[in-house]
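Asks: Numbering (my numbering), first residue to last: 4 to 358.
We put the beta carbon where it would ideally sit given N, CA and C, even for glycine.
In this text, all values refer to a predicted model and were calculated from it rather than measured experimentally.
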């Protein structure tokens, strides 16, 4: 688990505040049978745990199950206080915890933002998508809660308006309308040093489904010896999609690398290839293809890159698309290529797959 330094500091401060508060309370209130009952560990109500932003921190009001680990770590150096804490009544423990977490509560609230988003959904033809359901929520931060889950429906112009959502981030977690496909993951929208955050035009691209063609889709994991010779990838081959030096298939592939720099070459065997940044890759272009594409880089910047391509096989008369993870330095001896591919077996450019 990757815990950010600020959360470690907050957790330590919270532990210190709660510990000092309860120690003070114990010193001011003698433990007698009349005043206290021997109950379960104080952690049952004042340091139960919850996962917030990848950090385990106390949250006394949300959870009922006990976790003795947190207070065990805090009080290992002084068993006397640990034993005393076990005898404090539940209502006293709750009061102590609420008082102790007030500073952290106030700090957490400063991290909560207010979001207002004017958005619009359009399809691949830039036509508005009406009656689409947009689900969203504001994220929690520390002890401060964001807005709960909510949804809104686009109007006839494909527009939606999200107003006054509270949270560290605003997350659009799902968009839905029958007959359309939408991006599966929306990153949280986070303001930079602002207490309020507004976007006037937030556009979501949808894909209107026409028909599903007969396709072949799959994935391949391929290894290459660099600096030696070219390989041929045949996506229709059942048993041997990768061959050395062959001249039939879909692509010629070559890897070249030094101790630092690398180069990846991909070229069409019978047709053309074109790089793309399209989100959906559901329709191959009719033109713009080239014979060869070269991708290069440095080991100092990245060990791997991901590229997407459309391709056309003129000999077999089909269009397709691939998404390739390029690993020039997969290990000491080999480079590697991890491919997801889709091919239209009906000789058309439609590459729509079922979501």
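#1: Would you list the one or two residues that DSSP bridges to residue 220?
#2: Taking residue 225 as the reference, which of 216, 315 and 343 has the closest Cα?
#3: Would you tell me roughly how many angstroms separate the C-alpha atoms of residue 181 and residue 157, rounded to the nearest one?
#4: Can you tell me whether residue 118 is helix, strand or coil according to DSSP?
#5: Taking 8 Å as the threshold, find out whether the region 230 to 237 comes into contact with the region 204 to 213 through three or more Cβ pairs.
#6: Distance check for residue 191 and residue 227, CA to CA, integer angstroms please.
#7: Please report the residue range of the alpha helix (DSSP H) in which residue 309 lies.
#8: I need the boundaries of the alpha helix (DSSP H) containing residue 107, first residue and last residue.
#9: Can you check which of these residues, 260, 333 and 114, is closest to residue 169 by C-alpha distance?
#10: Do three or more CB pairs link the region 279 to 292 to the region 327 to 342 at distances below 8 Å?
#11: Rounded to the nearest angstrom, what separates residue 139 and residue 111 at their Cα positions?
#12: Below 8 Å between beta carbons: does that hold for residue 173 and residue 141?
#13: Taking only the alpha-carbon atoms, compute the straight-line gap between residue 119 and residue 320 and give it to the nearest angstrom.
#14: Please report the distance separating the alpha-carbon of residue 262 from that of residue 178.
#15: Check whether the Cβ atoms of residue 215 and residue 357 sit closer than 8 Å, and answer yes or no.
#16: Please report the distance separating the alpha-carbon of residue 323 from that of residue 270.
#17: By the 10 Å Cβ neighbour count, where 16 or more other Cβ atoms means buried, how is residue 147 classified, buried or exposed?
#18: Using the three-state DSSP reduction, which class does residue 166 fall into: helix, strand or coil?
#19: Taking residue 125 and residue 206 to be in contact with their CB atoms under 8 Å, please state how far apart those CB atoms are, rounded to whole angstroms.
#20: Cα separation between residue 316 and residue 346?
#21: For a test of the three-state rule: what should DSSP assign to residue 263, helix, strand or coil?
#22: Evaluate residue 340 with the Cβ neighbour count: other Cβ atoms within 10 Å of its Cβ, from every protein chain shown; 16 or more gives buried, anything less gives exposed.
#23: Take residue 260 and list the residues in its own chain whose beta-carbon comes closer than 6 Å to its own, dropping the five residues that flank it on each side.
#24: Quick one: what does DSSP say residue 123 is sitting in, helix, strand or coil?
Replies: The answer reads as follows:
#1: 345
#2: 343
#3: 14 Å
#4: strand
#5: no
#6: 38 Å
#7: No alpha helix (DSSP H) holds residue 309; the beta strand (DSSP E) holding it covers 308 to 316.
#8: 105 to 113
#9: 114
#10: no
#11: 21 Å
#12: yes
#13: 49 Å
#14: 46 Å
#15: yes
#16: 14 Å
#17: buried
#18: strand
#19: 7 Å
#20: 10 Å
#21: coil
#22: buried
#23: 229 and 331
#24: strand
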